[in-house]
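Residue numbers (my numbering): 11 to 244. Glycine included, each C-beta is placed from N, C-alpha and C at the ideal position.
Here's what the structure looks like:
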């Protein structure tokens, strides 16, 4: 089994993150720092990540989590802030989040130990649409909505075309549904900033056809077989 897949199946990180661990010299095989990212793990090999032994797990698990504000989308945090793993108190298999939501944002996260699935959902080439409800700090004009739809410069990068719908508007706020098929860092917030507004609240409501639904904030559930198959093939 290729080393990045081995690390991912152990629930340590996604394949992409495993490649970074190898690149940074954090992975040892049989006592030597691994320098070959294409290495195939052999029976009897001892694999260490950051000094800790890891073993591939055949049991793959998949959860939907409703992330509350204030929780960090990572396995651990150097500043000691609460992470999304702190919410999954009765899950004994080590899992990691697929993609990210910033600390102030809420909503749907997929939690799994399946590195292949994580890569598939996260890679821009697969164009998995993510849906968000976005409350902004002003009434928004139709011209600005068209800008968001067509793509805006968020600092050296022009976003792909998005799906944008105005759900509700008052004098001082607008509630939008925004769907994007990519996932740049804090992308929705940067898109809104690019057209002259600020985000008040941001909630991810769906990843493809997998819906947040009525899952309570801080709660999680197992994905159905149908949802898992959909995510693997979307």
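- By the Cβ-count criterion, residue 167 is exposed, with fewer than 16 other Cβ atoms from all chains shown falling within 10 Å of its own Cβ.
- Shown here, residue 46 sits in coil according to DSSP, grouped into three states, outside any helix or strand.
- Per the C-alpha coordinates, the member of 49, 175 and 34 positioned closest to residue 40 is 49.
- Looking at the backbone, the Cα of residue 183 and that of residue 87 are separated by about 34 angstroms.
- Burial is judged here by how many other beta carbons sit within 10 angstroms of a residue's own beta carbon; residue 95 has at least 16 and is buried.
- If you draw a straight line from the Cα of residue 76 to the Cα of residue 227, it comes to about 5 angstroms.
- Rounded to whole angstroms, residue 80 and residue 115 show a C-alpha spacing of 8 angstroms.
- From the listed residues 164, 180 and 159, the smallest Cα separation to residue 174 is found for 159.
- According to the DSSP assignment, residue 141 belongs to no alpha helix (DSSP H) but to the beta strand (DSSP E) extending over 140-146.
- Under a 10 Å Cβ-count criterion, residue 122 is classified as buried, with 16 or more other Cβ atoms of the shown protein chains found around its own Cβ.
- The beta carbon of residue 109 sits closer than 6 angstroms to those of 132 and 193, all from its chain and outside the five residues before and after it, given in chain order.
- Between residue 111 and residue 214 a beta carbon distance of about 6 angstroms is seen, short of the 8 angstroms cut, so the two are scored as contacting.
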